[in-house]
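Its first residue numbered -5, the sequence shown is counted upward by one per residue in the numbering used here.
Glycine included, every Cβ here is placed at the ideal spot set by N, Cα and C.
Small disclaimer: the values here were computed from a predicted structure and weren't measured.
Below: one structure, written as structure tokens.
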Amino acid sequence: MLKSFSSSLVFIIILLSGCDKKSEIPVAEVCVAETSKKTSLNLKEIKKELQQLQDEFAYPCSVTCCELYIETVINEGSDMLKMPSGLMAEGYAIPEDAKKIASYVMTLSGREPTHPEFLTEGNLYFNGNCGGCHGNDGKGLGGAYPDLTLKEFKGVKIHKKMRIETLKKMLKEK
Ligand code: HEC
């Protein structure tokens, strides 16, 4: 009796950890906010990045990669989503504050940021610099601006698609 109980417990644990894995990014993550800037790659590197990107396409970015994406959007602006509200200009916060804001944005989708010590300031700067458009709750004022409470950032998906196309083109040219 005890044996069958413990073996079904083991089964349930395996099942649960299997489910958990599905929502996690595969280990070999390509962070497009970083790699999109790399233009000279050798054949092996192109193939590797392409394979990894295709494997991870369905997953939202990890916390570190999402944070980097948010920082990039703040520092460089964004014109990816083609929303009626238009583009987002660069520099709504200085780079130093962008890091703190990025940490805070992670909590809007219920995630633990890499730097929890940034949260108090990040929250303050978010409300002051970003809340006017994205709403202090991050939901984007009823769809007028991107919803930052989702784990999946639309711009990351678009960047991934574009990067896959670029890599395929690079592969053809080799
Ligand atoms: C004047 C309005 C405005 C302000 C202020 C603003 N944003 Fe945006 N934000 C936008 C718009 C519009 C877009 C969509 C841009 C595009 O087409 O890529 C956007 C896009 C984004 C995205 C990408 C969303 C996605 O799904 O890919 C992030 C992240 C973001 N903003 C974060 C911030 C943060 C953090 C701040 C404060 C430092 C901020 N924004 C300030 C209007 C604004």
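Can you give me the C-alpha to C-alpha distance between F112 and E90, rounded to a whole angstrom? Rounded to the nearest angstrom, the two C-alpha atoms are 11 Å apart.
With C-beta atoms as the reference, is L118 less than 7 Å away from E43? no
How long is the line joining the alpha carbons of Q45 and T114, rounded to whole angstroms? A direct Cα-Cα distance of roughly 39 Å separates Q45 from T114.
Note the first and the last residue of the continuous alpha helix (DSSP H) segment covering Y86. Segment: none, Y86 is in no alpha helix (DSSP H) and carries neither H nor E.
Kindly indicate the opening and closing residues of the alpha helix (DSSP H) around C127. G125 to H128
Which residue's Cα is closest to the Cα of K148: Q48, A52, G125 and T29? A52
Label G132 either buried or exposed according to how many other C-beta atoms from any shown protein chain fall within 10 Å of its C-beta, with 16 as the threshold for buried. buried
Can you tell me whether S170 is helix, strand or coil according to DSSP? Past the boundaries of the shown model lies residue 170; the chain is included only from -5 to 168, so the question cannot be answered.
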